[in-house]
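Participant: Please find one structure pasted underneath; my questions will follow.
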Amino acid sequence: MGSPIPSDENMTDHSEPPTKVDNKDPVTAAAEPQDKPSARESCFSTDLLKIYYRRLFPYADMARWLSYGNDRKLPGTDASYLQRREFSFTLEHDIYVRYQSFRDASDMEAAIRDKNPHKIDIGAVYNVDPARRAAYQGIGSESAFAPVERELVFDIDISDYDDVRTCCSGASVCTKCWPLMTAAIKVVDTALREDFAFEHVLWVFSGRRGVHCWVCDRRARRLTNEQRSAVAEYFRVYKGSEANASKVSFTGAALHPSLMRAYDQVLRGTFENEMLPNQELLSQPDAWKRVLAQLPDQELQDRMDATWRSDRRLSAAADVNVYRWQQLEATTRAAAKKNTSLRKAVEEIVFAFTYPRLDLEVSKHMNHLLKAPFCVHPKTGAVCVPIDPANCADFEPSQAPTLNQLVEEINAAHRPPDGNSAATSGIEATSLAPSINFFRESFLQPLLAASKEELEAAHKQKLHNVAGARTVDW
43 MGSPIPSDEN
53 MTDHSEPPTK
63 VDNKDPVTAA
73 AEPQDKPSAR
83 ESCFSTDLLK
93 IYYRRLFPYA
103 DMARWLSYGN
113 DRKLPGTDAS
123 YLQRREFSFT
133 LEHDIYVRYQ
143 SFRDASDMEA
153 AIRDKNPHKI
163 DIGAVYNVDP
173 ARRAAYQGIG
183 SESAFAPVER
193 ELVFDIDISD
203 YDDVRTCCSG
213 ASVCTKCWPL
223 MTAAIKVVDT
233 ALREDFAFEH
243 VLWVFSGRRG
253 VHCWVCDRRA
263 RRLTNEQRSA
273 VAEYFRVYKG
283 SEANASKVSF
293 TGAALHPSLM
303 RAYDQVLRGT
313 FENEMLPNQE
323 LLSQPDAWKR
333 VLAQLPDQEL
343 QDRMDATWRS
353 DRRLSAAADV
363 NVYRWQQLEA
373 TTRAAAKKNT
383 SLRKAVEEIV
393 FAFTYPRLDL
403 EVSKHMNHLL
413 KAPFCVHPKT
423 GAVCVPIDPA
433 NCADFEPSQA
443 PTLNQLVEEI
453 NAAHRPPDGN
463 SAATSGIEAT
473 SLAPSINFFR
483 ESFLQPLLAA
493 SKEELEAAHK
503 QKLHNVAGAR
513 TVDW
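So for the sequence shown, the working numbering puts the first residue at 43; every next one is plus one.
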């Protein structure tokens with residue numbers, strides 16, 4: 043994850059490397075033991091992927107989305123817009139192919155079905171067709187081939203929370219730690235809409251261990267790298283490192299309104315109702331020391347540690363984590379009356395354990411590639427389906443459609459029971475249908491309506507400017 047995409051044609055993005063091994067050279071990667079395959083890895087195969095691309099992948103919807111109304115149906119639209127978009131393919135045996143471009147949905151479908159990519163990434167819109175970039179290289183100007191537009195994107199991985207998870211680590215995820223992703227979606231989505239007034243925001247399951255966010259408003263797509271960095275830094279709260287026990291430190295008399303909103307509406311509840319019992323943060327000394335380390339008062343840390351080690355009065359029916367948190371909160375707030383450094387210590391603990399941890403570098407640079415919605419994760423076979431932010435608490439990664447599940451559903455739909463009813467075919471016969479419908483109705487249709495209005499307004503303004511330039515002032 044990390045730096046902007048290099049210009050080498052056979053490099054892919056850093057948006058979500060499957061494991062740390064993938065970032066090493068091939069010889070080293072082959073020599074080291076691999077993670078034990080998960081139960082879901084058997085859901086992926088090249089043959090199943092071919093069926094998915096042939097029967098289910100929503101080419102028309104993807105092309106409509108990434109064209110933003112530039113479909114030649116309106117005067118003044120840019121017929122070259124989609125073709126100037128970069129796509130990247132990861133083929134079998136980790137062969138990376140960058141700078142793919144397509145004229146339309148049919149062109150996209152032909153290329154994908156022909157190459158059968160294990161992964162599809164979407165990049166920026168360039169000033170020229172990326173497939174013809176060689177014709178513009180060597181001209182002597184950096185602007186000869188350069189990105190001019192790109193959605194504002196965010197990448198959040200559960201593996202970045204390993205220091206606060208006790209149930210899983212690395213790419214593994216379960217219902218006990220996924221609420222961290224739910225909290226991240228709620229906090230970031232609300233801030234994007236309320237603090238930045240963005241409207242067209244798409245959340246997508248990464249297929250394995252995290253979520254991706256695409257902000258598709260025209261204003262967002264035209265942000266410079268500097269402006270993207272400013273938006274990304276707006277979400278920087280967690281500043282932890284191996285050498286720094288305290289992960290969050292707030293200055294000033296009060297929390298920023300956006301942070302206060304996140305705390306009141308999302309984070310406090312996530313910490314108390316999900317993290318404390320599910321991760322058992324205060325059940326054992328090794329666990330509670332990580333919590334106490336966030337306090338900027340060593341004497342208070344030692345006092346609470348001693349109290350919990352000697353406490354034998356807890357009822358067997360009581361949740362020790364909740365009880366000790368209530369004890370810590372009351373003690374800390376009382377101590378804050380004399381020690382001002384403790385005034386926001388409770389909030390700092392909650393933020394350290396639950397606030398979204400974004401891969402900021404992915405958001406800062408226009409030329410970063412990000413995995414396409416509806417492609418399939420090669421490690422799990424799960425489809426990267428959209429997530430409804432209004433109902434994200436209902437989403438479970440284990441329930442995302444998988445390749446073999448979808449193929450089985452297609453086969454079952456072509457076997458009408460008792461031969462008395464017609465077979466159902468296509469997407470509507472599969473568990474992918476709700477995701478496609480949500481994408482179309484809740485995201486794509488409002489986005490294209492807004493894009494049409496913007497294109498029509500821009501065309502009218504252009505005509506007005508031309509007419510004004512022809513007017514002779516006598």
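For every residue, glycine included, the Cβ atom is placed at its ideal position computed from N, Cα and C.
Inspect the beta-carbon positions of residue 415 and residue 215 and report whether they are closer than 8 Å.
Facilitator: Cβ distance not < 8 Å, so residue 415 and residue 215 don't count as in contact.
Participant: Express the C-alpha separation of residue 200 and residue 333 in angstroms, rounding to a whole number.
Facilitator: 19 Å
Participant: Pick from 107, 195 and 92: whose alpha carbon is nearest that of residue 492?
Facilitator: 107
Participant: Any idea what DSSP makes of residue 504, helix, strand or coil?
Facilitator: Correct three-state label for residue 504: helix.
Participant: Since residue 252 sits in a beta bridge, which residues does DSSP pair it with?
Facilitator: As DSSP reads the structure, residue 252 sits in a beta bridge with 199.
Participant: With a cut-off of 8 Å, do at least 3 Cβ pairs link the region 317–334 to the region 232–240?
Facilitator: no
Participant: Grouping DSSP H, G and I as helix and E and B as strand, with all else coil, what is residue 518?
Facilitator: What the structure shows of the chain is the stretch from 43 to 516, and residue 518 is not part of that stretch, so it cannot be assessed.
Participant: What's the gap between the Cα of residue 327 and the Cα of residue 371?
Facilitator: 18 Å
Participant: When the Cα atoms are used, what is the spatial distance from residue 168 to residue 178?
Facilitator: The straight-line gap separating the alpha-carbon atoms of residue 168 and residue 178 is approximately 12 Å.
Participant: Rounded to whole angstroms, what is the Cα-Cα separation between residue 266 and residue 273?
Facilitator: Residue 266 and residue 273: Cα-Cα distance of roughly 11 Å.
Participant: In the DSSP assignment, the alpha helix (DSSP H) including residue 330 goes from what residue to what residue?
Facilitator: 327–334
Participant: In this structure, how does DSSP classify residue 294 when only helix, strand and coil are distinguished?
Facilitator: coil
Participant: Beta-carbon within less than 7 Å of residue 119's beta-carbon, same chain only, minus the 5 sequence neighbours each way: which residues are those?
Facilitator: 111, 112, 113 and 497
Participant: Rounded to a whole number of angstroms, what is the C-alpha to C-alpha distance between residue 50 and residue 386?
Facilitator: Summary for residue 50: the model assigns pLDDT 37, below 50, so the residue's position carries little reliability; its value from the coordinates is reported in the next sentence. C-alpha separation (whole angstroms): 47 Å.
Participant: Which of helix, strand or coil does DSSP assign to residue 378?
Facilitator: Under the three-state reduction of DSSP output, residue 378 falls in the coil class, being neither helix nor strand.
Participant: Would you tell me roughly how many angstroms separate the C-alpha atoms of residue 453 and residue 330, rounded to the nearest one?
Facilitator: 52 Å
Participant: I'd like the list of long-range same chain contacts for residue 202, defined as Cβ closer than 7 Å, with 5 residues on each side in sequence excluded.
Facilitator: 399
Participant: Just to confirm my understanding: we take residue 391, look at its own chain, exclude 5 residues before and 5 after, and list those with CB closer than 7 Å. What are they?
Facilitator: 333 and 336
Participant: Which runs of the beta strand (DSSP E) spanning at least 3 residues fall entirely within the region 137–183, listed in chain order?
Facilitator: 137–142 and 161–168
Participant: Smallest Cα separation from residue 144: which of 292, 102 and 132?
Facilitator: 102
Participant: Hey, how far is the Cα of residue 138 from the Cα of residue 92?
Facilitator: 18 Å
Participant: Give the secondary structure of residue 87 by DSSP, where H, G and I count as helix, E and B as strand, and everything else as coil.
Facilitator: coil
Participant: Can you check which of these residues, 324, 340, 260 and 232, is closest to residue 303 by C-alpha distance?
Facilitator: 232
Participant: Output the boundary residues of the beta strand (DSSP E) element that contains residue 127.
Facilitator: Here the beta strand (DSSP E) through residue 127 covers 127–133.
Participant: On the three-state DSSP scale, how would you describe residue 265?
Facilitator: coil
Participant: What span of residues does the beta strand (DSSP E) with residue 247 cover, start to end?
Facilitator: 243–247
Participant: Work out the CA separation of residue 95 and residue 488 for me, nearest whole Å.
Facilitator: Distance between the alpha carbons of residue 488 and residue 95: 26 Å.
Participant: For residue 90, which option in 484, 481, 479 and 446 has the closest C-alpha, if you only look at C-alpha atoms?
Facilitator: 446
Participant: Since residue 424 and residue 249 should fall inside the 8 Å C-beta cutoff, what is the C-beta to C-beta distance between them, to a whole number of angstroms?
Facilitator: 5 Å
Participant: From residue 275 to residue 408, what distance separates their C-alpha atoms?
Facilitator: Cα to Cα, the separation comes out at about 15 Å.
Participant: Answer yes or no: do residue 476 and residue 227 have a C-beta to C-beta separation smaller than 8 Å?
Facilitator: no
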